[in-house]
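Engineer: This is the structure I want to talk about, given as structure tokens.
2 protein chains.
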Amino acid sequence: MAAVAAKEARDQAFILRETAAGRIVIPANHAHTRLDPIGIGARLRTKINANIGNSSLAGDLTGELRKLETAVHYGADTVMDLSTGPDVDRIRRAIIAHSTVPIGTVPIYEAVCRVESSADLTPELLLEVVEKQARQGVDYMTIHAGILREHLPAATRRLLGIVSRGGSILAAWMNTHRSQNPFYTRFDDLLDICRTHDVTLSLGDGLRPGCLADASDEAQFAELAVLGDLVRRCRTAGVQAMVEGPGHIPLHEIQLNMEKEAELCDDAPFYILGPVVTDCAPGYDHITSAIGAALGAFHGAAMLCYVTPKEHLGLPNARDVRDGVIAYKIAAHAADIAKQVPNARQRDDAIASARARFDWEKQFELALDPDRARELRREALQESAADAAGKPADAECAFDENYCTMCGPKFCSMRISRDLKQSLEAEQSDLGRPDG
Amino acid sequence: MAAVAAKEARDQAFILRETAAGRIVIPANHAHTRLDPIGIGARLRTKINANIGNSSLAGDLTGELRKLETAVHYGADTVMDLSTGPDVDRIRRAIIAHSTVPIGTVPIYEAVCRVESSADLTPELLLEVVEKQARQGVDYMTIHAGILREHLPAATRRLLGIVSRGGSILAAWMNTHRSQNPFYTRFDDLLDICRTHDVTLSLGDGLRPGCLADASDEAQFAELAVLGDLVRRCRTAGVQAMVEGPGHIPLHEIQLNMEKEAELCDDAPFYILGPVVTDCAPGYDHITSAIGAALGAFHGAAMLCYVTPKEHLGLPNARDVRDGVIAYKIAAHAADIAKQVPNARQRDDAIASARARFDWEKQFELALDPDRARELRREALQESAADAAGKPADAECAFDENYCTMCGPKFCSMRISRDLKQSLEAEQSDLGRPDG
Numbered sequence: 001m002a003a004v005a006a007k008e009a010r011d012q013a014f015i016l017r018e019t020a021a022g023r024i025v026i027p028a029n030h031a032h033t034r035l036d037p038i039g040i041g042a043r044l045r046t047k048i049n050a051n052i053g054n055s056s057l058a059g060d061l062t063g064e065l066r067k068l069e070t071a072v073h074y075g076a077d078t079v080m081d082l083s084t085g086p087d088v089d090r091i092r093r094a095i096i097a098h099s100t101v102p103i104g105t106v107p108i109y110e111a112v113c114r115v116e117s118s119a120d121l122t123p124e125l126l127l128e129v130v131e132k133q134a135r136q137g138v139d140y141m142t143i144h145a146g147i148l149r150e151h152l153p154a155a156t157r158r159l160l161g162i163v164s165r166g167g168s169i170l171a172a173w174m175n176t177h178r179s180q181n182p183f184y185t186r187f188d189d190l191l192d193i194c195r196t197h198d199v200t201l202s203l204g205d206g207l208r209p210g211c212l213a214d215a216s217d218e219a220q221f222a223e224l225a226v227l228g229d230l231v232r233r234c235r236t237a238g239v240q241a242m243v244e245g246p247g248h249i250p251l252h253e254i255q256l257n258m259e260k261e262a263e264l265c266d267d268a269p270f271y272i273l274g275p276v277v278t279d280c281a282p283g284y285d286h287i288t289s290a291i292g293a294a295l296g297a298f299h300g301a302a303m304l305c306y307v308t309p310k311e312h313l314g315l316p317n318a319r320d321v322r323d324g325v326i327a328y329k330i331a332a333h334a335a336d337i338a339k340q341v342p343n344a345r346q347r348d349d350a351i352a353s354a355r356a357r358f359d360w361e362k363q364f365e366l367a368l369d370p371d372r373a374r375e376l377r378r379e380a381l382q383e384s385a386a387d388a389a390g391k392p393a394d395a396e397c398a399f400d401e402n403y404c405t406m407c408g409p410k411f412c413s414m415r416i417s418r419d420l421k422q423s424l425e426a427e428q429s430d431l432g433r434p435d436g
Numbered sequence: 437m438a439a440v441a442a443k444e445a446r447d448q449a450f451i452l453r454e455t456a457a458g459r460i461v462i463p464a465n466h467a468h469t470r471l472d473p474i475g476i477g478a479r480l481r482t483k484i485n486a487n488i489g490n491s492s493l494a495g496d497l498t499g500e501l502r503k504l505e506t507a508v509h510y511g512a513d514t515v516m517d518l519s520t521g522p523d524v525d526r527i528r529r530a531i532i533a534h535s536t537v538p539i540g541t542v543p544i545y546e547a548v549c550r551v552e553s554s555a556d557l558t559p560e561l562l563l564e565v566v567e568k569q570a571r572q573g574v575d576y577m578t579i580h581a582g583i584l585r586e587h588l589p590a591a592t593r594r595l596l597g598i599v600s601r602g603g604s605i606l607a608a609w610m611n612t613h614r615s616q617n618p619f620y621t622r623f624d625d626l627l628d629i630c631r632t633h634d635v636t637l638s639l640g641d642g643l644r645p646g647c648l649a650d651a652s653d654e655a656q657f658a659e660l661a662v663l664g665d666l667v668r669r670c671r672t673a674g675v676q677a678m679v680e681g682p683g684h685i686p687l688h689e690i691q692l693n694m695e696k697e698a699e700l701c702d703d704a705p706f707y708i709l710g711p712v713v714t715d716c717a718p719g720y721d722h723i724t725s726a727i728g729a730a731l732g733a734f735h736g737a738a739m740l741c742y743v744t745p746k747e748h749l750g751l752p753n754a755r756d757v758r759d760g761v762i763a764y765k766i767a768a769h770a771a772d773i774a775k776q777v778p779n780a781r782q783r784d785d786a787i788a789s790a791r792a793r794f795d796w797e798k799q800f801e802l803a804l805d806p807d808r809a810r811e812l813r814r815e816a817l818q819e820s821a822a823d824a825a826g827k828p829a830d831a832e833c834a835f836d837e838n839y840c841t842m843c844g845p846k847f848c849s850m851r852i853s854r855d856l857k858q859s860l861e862a863e864q865s866d867l868g869r870p871d872g
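Residue numbers (the numbering used here), protein chains in the order written: chain A, 1 to 436; chain B, 437 to 872.
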């Protein structure tokens, strides 16, 4: 509690009160020994999550640890291991052992790996996997307990149906067995496990929209209402809970979606995926979704699940993880400035000062991705040097530190502006003299 | 007028009325013979501009034509040639000759290239350059006529002072000569040239904030009020005008900025640069600013000037131009969907349908950047094939078209959801039978 308060520059009483009310969660499994805990809540710094994990078709242990390292290096606040391929158990244990940030999982994935077909899943197997992962030290788990059998007709009428993996597996199971969602019917057993092992529940949105045409529809909001009931059951049972949210939402419906969650789920921290604000930019969904994420956080989301450039196309590699994390650091930070989270703008003012002083090194240090900033500046200087071959001698001064290749010395507004300021200040001090 | 109406799926009377009121501008210099005209206005599809142009330190004619081609290929609606280096005249003529999109310039740049020092600029030289460029076929020109001598003390008190190149040059000139802005004092002469040659004025914001700390300040809004007066003078003189805007603005002040422009400038189309919503991500300013641009367009901006990943670091190359244009196509399109511009969401629904059908080729075709989408999918498939070496034989089915490497077949929500829909539909039709 003290560590969280210090990180947020807030007093402990505030953190304690908000945590007791369920508006802040601190996912921290006691078995996760290397954990450096963080708080997640709308009134705290906006957190970001990076999803890693292999699939049956790509990724191995070394690769996944590399993604973990990349994600944490660039600033992910939590990491979810979504492995669905071989070695899920070994990969998860290694990730927990290495990670200082909270680790989340979606236990149904391991359960599916252990059966021939998803239809063979049983409520007992699902709870067994949850308990095993809880013992291993998983800090929070996505459980799709809110998608109910009665939601399926509305969900299948959609353009893209059910795009959540866990949601679709449970929907198929309910339909095959003509039974209710086992996570819903066995929710009290689930709460017992979570309370025993200090696992935070992340109530999954199995019916999140997968395209703009399906956004804010009947199926989505019917599930959200159930999630609200489950939040209240978690609180009664002494289990921390957050709520997962969309997905694909047009810009003008984001505020509405954030407000609706707060209302239906009694201000439980909202953990949103993007949202993507246009469906037509595969290859750039870190950008389509960073726009939605910034606006979502501004309107109350507490944590943003990143989306990488590979979304809709394939499994992200380490480069995609980096691009996704930085896009989300930007979205989260932009929202924190707008929400006036304590100290949020200090870094911006410091980098602006560094720019005013032409202190390139300081500017790089303060950048969200110093390596990329250095690399692009180096590239610009090299291209400029190559061009200078056929140009007047003053092109050499590209390597002077007092302007950049974008403008060159004669057009450097920063330099002109600095000289102007000095001139006006000198004039002011002249006017101030008795003989002025 | 008819061409513009057809492109926007609006009737001609609407375009005519809005253009007459000055809420839409159609930059079209009669000397720009290859031009395919477009309309710019808050109630039309949001337009994006790409800046190209060399500096004294980098860029040549071939390189600039390549940037023009890249910008238009990926969807820039207008292109500004901001060259400040050698050959400005030859580069501009070549760009106009090649371009089907409106071309904008900032004439003071050429004027500065023609004198030893900016202090040697004269009102006559500035007007001479404007007239020459007007004859050459420039469709719209950025003229910083709103920055006045009385604004300088407030501007120099800022953290970053004046970051507009044109603004800083004029400020230094006013200070050196102890005179008013020559574009302001000679504004009627300027209007004569623009009317004669059908040049649209883009009233530059010489005092746009260059960092969050300077956003929405006294200097910025004092200039905006002057720009409002100039808009009214343009309209009286029969010259089309748009207004340029920030810059660096925190998320929560974007709506305010858009509304203030509409109010002070009588709804003249607002042409904004970004705005960047956090200062601390050099190397990613196409993203920091696409967030602001999407929100700006949603709240009324008519055209978005792109920002590339090289912003604050150096002169963009063709790759940066592509990244900037796509980020801005995303921002503009997201805003158009939110504003419910006619037909805006059709493309999203079509790509979502293609996803539902696993029609990869159609998905690529409809993507804002088909090449990038194809490239990332190919990369994912190759990585998956490499990993498959040490895996069970079913990993080979990565090349099946019916799922992606992100999930693999067992976890493909799209496939599960499709099967579920078929099952529920079959059940419905069974129930509908007399013997059901």
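Using N, Cα and C, we set each Cβ at its ideal position, and we do this for glycine too.
Measure the CB-CB distance between P645 of chain B and P538 of chain B and report whether it falls below 8 angstroms.
Structural biologist: Looking up residue 645 of chain B in the second sequence gives position 209. Looking up residue 538 of chain B in the second sequence gives position 102. Cβ atoms of P645 of chain B and P538 of chain B: not closer than 8 angstroms.
Engineer: Give, in chain order, every unbroken run of the alpha helix (DSSP H) that is at least 4 residues long and sits entirely within the region 178-218 of chain A.
Structural biologist: 182-185 and 187-197
Engineer: Round the Cβ separation of R470 of chain B and S535 of chain B to the nearest angstrom and send it over; I've been treating them as touching at under 8 angstroms.
Structural biologist: In the second sequence, the residue the question calls residue 470 of chain B occupies position 34. In the second sequence, the residue the question calls residue 535 of chain B occupies position 99. Correct: roughly 6 angstroms between the Cβ atoms.
Engineer: How about L643 of chain B and I598 of chain B: are their beta carbons less than 8 angstroms apart?
Structural biologist: The count along the second sequence starts at 1 and reaches residue 643 of chain B at position 207. The count along the second sequence starts at 1 and reaches residue 598 of chain B at position 162. For L643 of chain B and I598 of chain B, yes; Cβs fall inside 8 angstroms.
Engineer: Please check if any C-beta of chain B sits within less than 8 angstroms of the C-beta of R17 of chain A.
Structural biologist: As a position in the first sequence, residue 17 of chain A is number 17, starting the count at 1. No, no contact with chain B.
Engineer: Please report the straight-line C-alpha distance between M678 of chain B and L381 of chain A, rounded to a whole angstrom.
Structural biologist: By 1-based counting over the second sequence, the position of residue 678 of chain B is 242. By 1-based counting over the first sequence, the position of residue 381 of chain A is 381. Approximately 35 angstroms between the Cα atoms of the pair.
Engineer: Taking Cβ to Cβ, would you say V330 of chain A is nearer than 8 angstroms to T744 of chain B?
Structural biologist: Taking the first sequence and counting its residues from 1, the one referred to as residue 330 of chain A is at position 330. Taking the second sequence and counting its residues from 1, the one referred to as residue 744 of chain B is at position 308. The question names Val, but residue 330 of chain A is Ile in the sequence shown. No. Outside cutoff.
Engineer: Do you know how far the Cα of A530 of chain B is from the Cα of L497 of chain B?
Structural biologist: Locating residue 497 of chain B in the second sequence gives position 61, where the first residue counts as 1. Locating residue 530 of chain B in the second sequence gives position 94, where the first residue counts as 1. In a straight line, the C-alpha of L497 of chain B is about 8 angstroms away from that of A530 of chain B.
Engineer: Suppose the cutoff is 6 angstroms on Cβ atoms and the five residues either side in sequence are ignored; what does the same chain contact list for E427 of chain A look like?
Structural biologist: Here residue 427 of chain A refers to the residue found at position 427 of the first sequence. If we look at E427 of chain A and ignore the five residues flanking it on each side, it has no Cβ neighbours.
Engineer: Select from A:E223, A:P86 and A:Q136 the residue whose C-alpha is nearest the C-alpha of H144 of chain A.
Structural biologist: The count along the first sequence starts at 1 and reaches residue 144 of chain A at position 144. The residue with the shortest Cα to Cα distance from H144 of chain A is A:E223.
Engineer: Between the region 131-140 of chain A and the region 190-201 of chain A, are three or more C-beta pairs nearer than 8 angstroms?
Structural biologist: yes
Engineer: Consult DSSP for V461 of chain B and reduce its assignment to one of helix, strand or coil.
Structural biologist: Residue mapping note: residue 461 of chain B aligns to position 25 of the second sequence, counting from 1. Three-state DSSP puts V461 of chain B in a strand.
Engineer: Judging by CA-CA distance, which residue of A:A302, A:E116 and A:L315 is the nearest neighbour of H333 of chain A?
Structural biologist: Locating residue 333 of chain A in the first sequence gives position 333, where the first residue counts as 1. Residue A:A302 is the option with its Cα nearest to H333 of chain A.
Engineer: How should A293 of chain A be labelled, buried or exposed, when 16 other C-beta atoms within 10 angstroms of its C-beta is the threshold for buried?
Structural biologist: Position 293 of the first sequence, counting from 1, holds the residue named residue 293 of chain A. A293 of chain A comes out buried.
Engineer: Within 10 angstroms of its Cβ, does D77 of chain A collect 16 or more other Cβ (buried), or is it exposed?
Structural biologist: The residue given as residue 77 of chain A occupies position 77 in the first sequence. Buried, because 16 or more other Cβ atoms sit within 10 Å of the Cβ of D77 of chain A.
Engineer: Give me, in chain order, the residues of the same chain whose beta-carbon lies closer than 6 angstroms to that of I527 of chain B; leave out the 5 immediate sequence neighbours on both sides.
Structural biologist: Taking the first residue of the second sequence as position 1, residue 527 of chain B is located at position 91. Hits under 6 angstroms: L497, E500 and S519.
Engineer: Using DSSP bridges, identify the partner residues of I103 of chain A.
Structural biologist: For the purposes of this step, residue 103 of chain A is identified with residue 103 of the first sequence, where counting begins at 1. BP columns for I103 of chain A point to A:V79.
Engineer: What's the gap between the Cα of F835 of chain B and the Cα of H312 of chain A?
Structural biologist: Along the second sequence, read from residue 1 onward, the residue named residue 835 of chain B stands at position 399. Along the first sequence, read from residue 1 onward, the residue named residue 312 of chain A stands at position 312. Low per-residue confidence applies at F835 of chain B: pLDDT is 41, beneath 50, and the placement is therefore not dependable enough to give any value.
Engineer: Could you give the C-beta distance for L439 of chain A and A354 of chain A, rounded to a whole number, given that I count them as a contact under 8 angstroms?
Structural biologist: Given that chain A is displayed from residue 1 to residue 436, the structure contains no residue 439 of chain A and the question cannot be resolved.
Engineer: Between L368 of chain A and C716 of chain B, what straight-line distance do the alpha-carbon atoms span, to the nearest angstrom?
Structural biologist: Along the first sequence, one-based indexing puts residue 368 of chain A at 368. Along the second sequence, one-based indexing puts residue 716 of chain B at 280. The alpha-carbon atoms of L368 of chain A and C716 of chain B are separated by roughly 6 angstroms.
Engineer: Should H468 of chain B go down as buried or exposed, given a rule of 16 or more other Cβ atoms within 10 Å for buried?
Structural biologist: Here residue 468 of chain B corresponds to residue number 32 of the second sequence, with the count starting at 1. When all chains shown are included, H468 of chain B counts as buried.
Engineer: Just to confirm, does V341 of chain A get its C-beta within under 7 angstroms of one of the non-hydrogen atoms of the ligand ADP?
Structural biologist: Inclusion of the ligand ADP in the displayed structure is not the case, the ligand content being empty and no account of it being possible.
Engineer: State yes or no: is the beta carbon of L804 of chain B nearer than 8 angstroms to at least one beta carbon in chain A?
Structural biologist: On the second sequence, position 368 is the one that residue 804 of chain B refers to. True, the Cβ-Cβ gap to chain A drops below 8 angstroms.
Engineer: How long is the line joining the alpha carbons of S853 of chain B and I460 of chain B, rounded to whole angstroms?
Structural biologist: Reading the second sequence from its first residue, position 417 is the one you call residue 853 of chain B. Reading the second sequence from its first residue, position 24 is the one you call residue 460 of chain B. Approximately 46 angstroms, taken between the alpha carbons.
Engineer: Counting only Cβ pairs nearer than 7 angstroms, list the residues of chain A close to Q799 of chain B.
Structural biologist: The residue given as residue 799 of chain B occupies position 363 in the second sequence. P282, listed in chain order.
Engineer: Does any CB atom of chain A fall closer than 8 angstroms to the CB of F734 of chain B?
Structural biologist: The residue you call residue 734 of chain B lines up with position 298 of the second sequence. Chain A contact via Cβ: present.
Engineer: For V276 of chain A, tell me which candidate among A:L304, A:D267 and A:E263 has the shortest Cα-Cα distance.
Structural biologist: Here residue 276 of chain A refers to the residue found at position 276 of the first sequence. When each option's Cα is compared against that of V276 of chain A, the closest is A:L304.
Engineer: Have a look at the DSSP bridge pairing and note the partners of L35 of chain A.
Structural biologist: As a first step, residue 35 of chain A must be located in the first sequence, where it is residue number 35. For L35 of chain A, which the question treats as bridged, DSSP gives no partner whatsoever.
Engineer: Run down chain B in chain order and give the residues with a C-beta less than 8 angstroms from the C-beta of I462 of chain A.
Structural biologist: Because chain A spans 1 through 436 in this model, residue 462 of chain A falls outside it and cannot be assessed.
Engineer: So with CB distances below 7 angstroms, who are the chain A contacts of G681 of chain B?
Structural biologist: The count along the second sequence starts at 1 and reaches residue 681 of chain B at position 245. Within chain A, no residue comes near G681 of chain B; the closest Cβ sits about 17 angstroms away, beyond 7 angstroms.
Engineer: Among B:A591, B:H509 and B:L595, which one has its Cα closest to the Cα of D807 of chain B?
Structural biologist: Translated into positions along the second sequence, residue 807 of chain B becomes position 371. Out of B:A591, B:H509 and B:L595, B:H509 has the C-alpha closest to the C-alpha of D807 of chain B.
Engineer: Please compile the residues from chain A whose C-beta is within a distance smaller than 8 angstroms of the C-beta of D784 of chain B.
Structural biologist: Along the second sequence, one-based indexing puts residue 784 of chain B at 348. In chain order: C211, L212, A213, T278, D279 and C280.
Engineer: Take every Cβ of the region 5-20 of chain A, pair it with every Cβ of the region 37-56 of chain A, and state whether three or more of those distances are shorter than 8 angstroms.
Structural biologist: yes
Engineer: Just how far apart, CA to CA, sit E819 of chain B and L812 of chain B?
Structural biologist: As a first step, residue 819 of chain B must be located in the second sequence, where it is residue number 383. As a first step, residue 812 of chain B must be located in the second sequence, where it is residue number 376. If you take the alpha carbons of E819 of chain B and L812 of chain B, they lie about 11 angstroms apart.
Engineer: Quick one: residues in its chain with C-beta nearer than 8 angstroms to the C-beta of D323 of chain A, no 5 flanking neighbours on either side, listed in chain order?
Structural biologist: Here residue 323 of chain A corresponds to residue number 323 of the first sequence, with the count starting at 1. Same-chain partners within the cutoff: H286, T308 and P309.
Engineer: Find out if the Cβ-Cβ distance for the pair I583 of chain B, N617 of chain B is shorter than 8 angstroms.
Structural biologist: Residue numbering aside, residue 583 of chain B sits at position 147 when the second sequence is read from its first letter. Residue numbering aside, residue 617 of chain B sits at position 181 when the second sequence is read from its first letter. In this structure, N617 of chain B lies closer than 8 angstroms to I583 of chain B by Cβ.
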